[in-house]
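Residue numbers (my numbering): 85 to 691.
Taking it in order: structure first as structure tokens, then the write-up.
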């Protein structure tokens, strides 16, 4: 246990360095220029081989069958790799966590006392010490502790240690009694109570957490069983059986430090939706803070709302966050260099694919194949219907957006060359309370079929997301009143509100080819199911799908005419948001709040 504690303290020191390093580089020009270099990619191909078991992935890495493991590795694997030649392991505090989601739609899990009793009985300290060998921290808040918006450690209570005594008292007071003297409690209405905890069969960590959850419920005299299950069998929240599950263990990762997702993930109106609010949680007090979170225009406003919403979730426990771990990434160094340890994803990330290059050869900055292991196959090549991290490992290389997030969590202009934000105070023609965003789109970007990418594609994409019924990429565009292109490379987006989050609600979204999706139509957004390369996908990203065998591998090939393939001589101007971000970062560091980011769609993993 002492060794585990020591690892955690050392990891905590690393976490502080990570947070500081994510903020201070904004003030150092040379570092900013280096982080924002856009030239790439250098690889000819990327191959994602489906290798489910972590042990098999590690063996493939050691045998030079893959160049990197496409998921975080466990502490056991870290020990196995310690003596391996040409293999390195990178660390970064995970911008995510493992959590148990509870079906609040189902009786008696809809009773707060049951969920809180379970939370108090679960030994998160033991999970971090034993399952993670000290390489994780107990976590309560739904916002990761690495995120400056998190309230982790700020409450007068926590659920870190086994406090089954408190949990049992909660259940007694709520009427969960052992009526038939069989050593297990019944529900308050007298019905039998048994709980199934589903976890990914392919993850030792997930199984370990499931067993701790089973033990916690047993300590509360509740009949429970941990059932390892194929990940995709319980993964998709909108399948018909989703209202019938009891408790499911999953992993959650975030692409940035934005928290506007709190307005959708646990919102009562999404309790019966298809893509958000898997716990089917409903709470009027939580909903009451939603408007301020979405429509707040200052950091203080959105920080207050995010704080209060976290407090409510911490009390109500629709999900029980278990840990935030150190993300360990394993990769080979004998053939390639330029690996990027991303603030959110570690080594297996977009920036590694974009920046890595061969160590030797006639041209060190060109050619070669990077081989990934991917724990699961792509479950859809339609990014609008998948929230699988393993699918997005592939799909994120195929599309572009106005702005990307760099390796430190900061904005980098991508399809946008510059932008301007205006309100009524800037232009009296803009109605009071409204806002307007004007983007200059770079020239030279093309789709894979040779069609020029213009502002019309971006405007079409935004309108498509907003207007296609149920599209998860349109949830935060409900206040967008117009998106249009007054000229070929100029985009105007208008909202009938002002909001801290509008910029990224627009700029982080993948851009669709208008000439393709006009044919697919609004109703076809979730039925479009391409099977490349047989079905041609028209894409703008740095890679395209060149080969695919279901259940075995996906091969991507470099788009040779990608618009950042050569050095871009233009100097990108600083935007108002850049300065706002720098100033708020410095202030946040001083008060312990930190830097901020904006929109994202969350990616699910096994643990």
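Heads up, the beta-carbon is just placed ideally off N, CA and C, and yes, glycines get one too.
*Counting only runs that start and end within the region 378-449, where is the beta strand (DSSP E) found for 3 or more residues in a row?*
403-416
_Which of helix, strand or coil DSSP assigns to residue 614_ = Along the chain shown, one-based indexing puts residue 614 at 530. In the three-state reduction of the DSSP assignment, residue 614 falls in the coil class.
_Residues near residue 231 by beta carbon distance below 6 Å, same chain, minus five either side_ = For the purposes of this step, residue 231 is taken as the residue at position 147 of the chain shown. The residues are 341.
*So who's on the other strand from residue 177, going by DSSP bridges?*
Translated into the one-based positions of the chain shown, residue 177 becomes position 93. The partner list for residue 177 (beta bridge, DSSP) reads 410.
*Consult DSSP for residue 655 and reduce its assignment to one of helix, strand or coil.*
The residue labelled residue 655 in the question sits at position 571 within the chain shown. For residue 655, the predicted structure reports a pLDDT of 34, less than 50, and the residue's modelled location is therefore unreliable. A value from the coordinates is still provided. DSSP places residue 655 in coil when its eight states are reduced to three.
*Can you give me the Cβ contacts of residue 479 inside the same chain, cut-off strictly under 6 Å, excluding the 5 residues immediately before and after it?*
Within the chain shown, the letter at position 395 stands for residue 479. Excluding residues within five positions, the ones whose Cβ falls inside 6 Å are 467.
*Are the region 454-468 and the region 201-209 touching by the rule of at least three beta carbon pairs closer than 8 Å?*
Counting Cβ pairs under 8 Å, fewer than three are found: no touch.
*Which first and last residues belong to the beta strand (DSSP E) in which residue 633 is found?*
Indexing the chain shown from 1 puts residue 633 at position 549. Residue 633 -> beta strand (DSSP E) spans 627-633.
*asked:* For residue 265 and residue 254, what's the separation of their Cα atoms in angstroms?
replied: The residue you call residue 265 lines up with position 181 of the chain shown. The residue you call residue 254 lines up with position 170 of the chain shown. About 19 Å.
_Presumed contact (8 Å Cβ cut-off) between residue 377 and residue 346, rounded CB distance_ = Position 293 of the chain shown, counted from the start, is the residue given in the question as residue 377. Position 262 of the chain shown, counted from the start, is the residue given in the question as residue 346. The Cβ separation is near 6 Å, so the contact holds.
*Is the distance from the Cβ of residue 498 to the Cβ of residue 552 below 7 Å?*
If you number the chain shown from 1, residue 498 lands on position 414. If you number the chain shown from 1, residue 552 lands on position 468. In this structure, residue 552 does not lie closer than 7 Å to residue 498 by Cβ.
*For the beta strand (DSSP E) that contains residue 567, what are its first and last residues?*
Position 483 of the chain shown, counted from the start, is the residue given in the question as residue 567. Residue 567 -> beta strand (DSSP E) spans 564-571.
*Would you kindly check if the distance between the Cβ of residue 406 and the Cβ of residue 183 is under 7 Å?*
Along the chain shown, read from residue 1 onward, the residue named residue 183 stands at position 99. Along the chain shown, read from residue 1 onward, the residue named residue 406 stands at position 322. A contact, by the Cβ cut-off of 7 Å.
*asked:* What does the Cβ neighbour count give for residue 428, buried or exposed, with the cut at 16 atoms within 10 Å?
replied: Walking along the chain shown from the start, residue 428 turns up at place 344. Classification for residue 428: buried.
_Segments assigned alpha helix (DSSP H), at least 4 residues, entirely inside the region 469-512_ = 473-479
*Length at least 4, wholly inside the region 229-273: the alpha helix (DSSP H) runs in chain order*: Listed in chain order, the complete alpha helix (DSSP H) runs (minimum 4 residues) inside the region 229-273 are 248-258.
*Going by other Cβ atoms of all chains shown within 10 Å of its Cβ, with 16 needed for buried, is residue 169 buried or exposed?*
On the chain shown, position 85 is the one that residue 169 refers to. Exposed.
*Would you check if the distance between the CB atom of residue 539 and the CB atom of residue 526 is smaller than 7 Å?*
The residue labelled residue 539 in the question sits at position 455 within the chain shown. The residue labelled residue 526 in the question sits at position 442 within the chain shown. In this structure, residue 526 does not lie closer than 7 Å to residue 539 by Cβ.
_Own chain, CB closer than 7 Å to residue 579, minus 5 neighbours either side, in chain order_ = Taking the chain shown and counting its residues from 1, one reaches residue 579 at position 495. Around residue 579: 518, 519, 563, 564, 565 and 586.
_C-alpha gap between residue 257 and residue 263, whole angstroms_ = Position 173 of the chain shown holds residue 257. Position 179 of the chain shown holds residue 263. Rounded to whole angstroms, residue 257 to residue 263 spans 14 Å at the Cα level.
*Excluding five sequence neighbours on each side, which residues of the same chain lie with their C-beta closer than 6 Å to the C-beta of residue 215?*
As a working note, residue 215 is residue 131 in the chain shown. Take residue 215, set aside five residues on each side of it, and the residues of its chain with a beta-carbon closer than 6 Å to its own are 289 and 292, in chain order.
*Can you tell me the Cα-Cα spacing of residue 213 and residue 161, whole angstroms?*
As a first step, residue 213 is located in the chain shown; it is residue number 129 there, counting from the start. As a first step, residue 161 is located in the chain shown; it is residue number 77 there, counting from the start. Approximately 16 Å, taken between the alpha carbons.
_Among 476, 572, 531 and 261, whose alpha-carbon lies nearest the alpha-carbon of residue 523?_
For the purposes of this step, residue 523 is identified with residue 439 of the chain shown, where counting begins at 1. Nearest C-alpha to residue 523: 572.
*Can you give the Cα-Cα distance for residue 166 and residue 142, rounded to whole angstroms?*
Here residue 166 corresponds to residue number 82 of the chain shown, with the count starting at 1. Here residue 142 corresponds to residue number 58 of the chain shown, with the count starting at 1. In a straight line, the C-alpha of residue 166 is about 12 Å away from that of residue 142.
*CA-CA distance, residue 649 and residue 642?*
Translated into positions along the chain shown, residue 649 becomes position 565. Translated into positions along the chain shown, residue 642 becomes position 558. Answer to the nearest angstrom: the Cα atoms are 10 Å apart.
*Alpha carbon to alpha carbon, what distance is there between residue 472 and residue 348?*
Translated into the one-based positions of the chain shown, residue 348 becomes position 264. Translated into the one-based positions of the chain shown, residue 472 becomes position 388. Spanning the two alpha carbons is a distance of roughly 18 Å.
*Helix, strand or coil: which one does DSSP assign to residue 196?*
Working through the chain shown from its first residue, we reach residue 196 at position 112. Here residue 196 sits in helix by DSSP.
*Sorted by chain position, which residues of the same chain lie with C-beta nearer than 6 Å to residue 665's C-beta, five sequence neighbours on each side aside?*
Start at 1 with the first residue of the chain shown, and residue 665 comes out as number 581. Only weak support exists for where residue 665 lies, its pLDDT of 37 falling under 50; the coordinates are left without a value.
*If we ignore side chains and look at the alpha-carbon of each, how far apart do residue 567 and residue 147 end up?*
By 1-based counting over the chain shown, the position of residue 567 is 483. By 1-based counting over the chain shown, the position of residue 147 is 63. Cα-Cα distance, rounded: 51 Å.
*Taking one C-beta from the region 409-417 and one from the region 381-397 each time, how about it: are there three or more such pairs within less than 8 Å?*
no
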